[in-house]
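J.: For reference, the structure I am asking about is given below.
Numbering (our numbering), first residue to last: 196 to 298.
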């Protein structure tokens with residue numbers, strides 16, 4: 196559960212959500228990620244660090260470049276947890292509907 200906790204906490208920030216959305220379209224360097232924001236590369240690096248520590252982003256070295264990549268397997272874990280919660284609540288609401296129809 197710790198992985199889920201840290202990932203959801205990281206995604207609580209709108210800049211980090213925007214970075215994840217951008218990386219969903221392909222790998223990018225910190226400089227490329229910083230372009231649309233009114234933030235320094237240092238600030239973007241901080242956000243990428245948070246996303247790296249919770250496992251949502253990885254960074255590799257390609258010569259002098261350090262592109263960031265989204266860890267879609269980690270996003271899938273979050274999606275699975277959300278889907279399970281949705282199924283539980285759908286089942287509960289269906290049960291409530293049946294109960295109310297019997298009255």
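Here a beta-carbon is modelled for each residue, glycine too, at the ideal position from N, C-alpha and C. On a predicted model such as this, the values are computed, not experimentally measured, just so you know.
Let me know if residue 277 comes out buried or exposed under the rule of 16 or more other beta-carbons within 10 Å of its beta-carbon.
T.: A residue is called buried when at least 16 other Cβ atoms come within 10 angstroms of its Cβ; residue 277 does not meet this threshold and is exposed.
J.: In angstroms with no decimal places, state the Cα-to-Cα distance between residue 254 and residue 283.
T.: A straight line joining the alpha-carbon of residue 254 with that of residue 283 spans about 36 angstroms.
J.: Taking 8 angstroms as the cut-off, decide whether the C-beta atoms of residue 236 and residue 226 are in contact.
T.: yes
J.: Would you mind listing the beta strand (DSSP E) stretches within the region 205-280 that are 3+ residues and don't spill past its ends, in chain order?
T.: Complete beta strand (DSSP E) runs here, min 3: 252-254, 263-265.
J.: Taking only three categories from DSSP, how would you classify residue 287?
T.: helix
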